[in-house]
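Worksheet: the structure to be examined is printed underneath.
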Amino acid sequence: AMDEASGELEEKKTEPALEKEREALYYLAQGKEGLAAASKKLMELAKKGGKPLVGFLQPRGGTLPGGRMGFREGYVKIPEAHEYQPPKEFRQELLEALKEKYPEIYKELIKQYYRRLTE
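The numbering of the sequence shown is the numbering used here, which starts it at 622 and goes up by one.
The structure is reproduced here in structure tokens:
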């Protein structure tokens, strides 16, 4: 929606741009609400289980400093495609799965899926 709004603004069409911006804001608000709800559920599960959360989710006041809503903030390096080599077990599991029977109508879709996984 923001891309469309940007295009409309470049063409000096303010009314359609405003509509697309409102649509983008709606989707951002929905995403924010969804993340807040998911965070709340995770925190509740952690409290029920009596186990601390690991990774980036930490309840406020926990042992690690937390950011907004209990999420740790900071830089995370995302590896490039060439920097990641899937585990040997994963590759083996894919090869074994290829041997299993599946409905013929899914044949091409499954081939495309596995091709993308190995690229």
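Where is the CB? At the ideal position from N, CA and C, for every residue including glycine. Please read all numbers here as calculations on a predicted model, not as lab measurements.
In this structure, the beta-carbon distance from Ala650 to Ala638 does not fall below 7 Å.
Residue burial annotation: Lys641 is buried, with at least 16 other C-beta atoms found within 10 angstroms of its C-beta.
The three-state reading of DSSP puts Ile699 in coil, since its state is none of H, G, I, E or B. Distance between Tyr723 and Ala657, taken at the CA atoms: about 39 Å.
The beta carbons of Leu738 and Leu715 sit about 7 Å from each other, so the pair counts as a contact at 8 Å. Rounded to whole angstroms, the gap between the alpha carbons of Lys662 and Lys669 is 11 Å.
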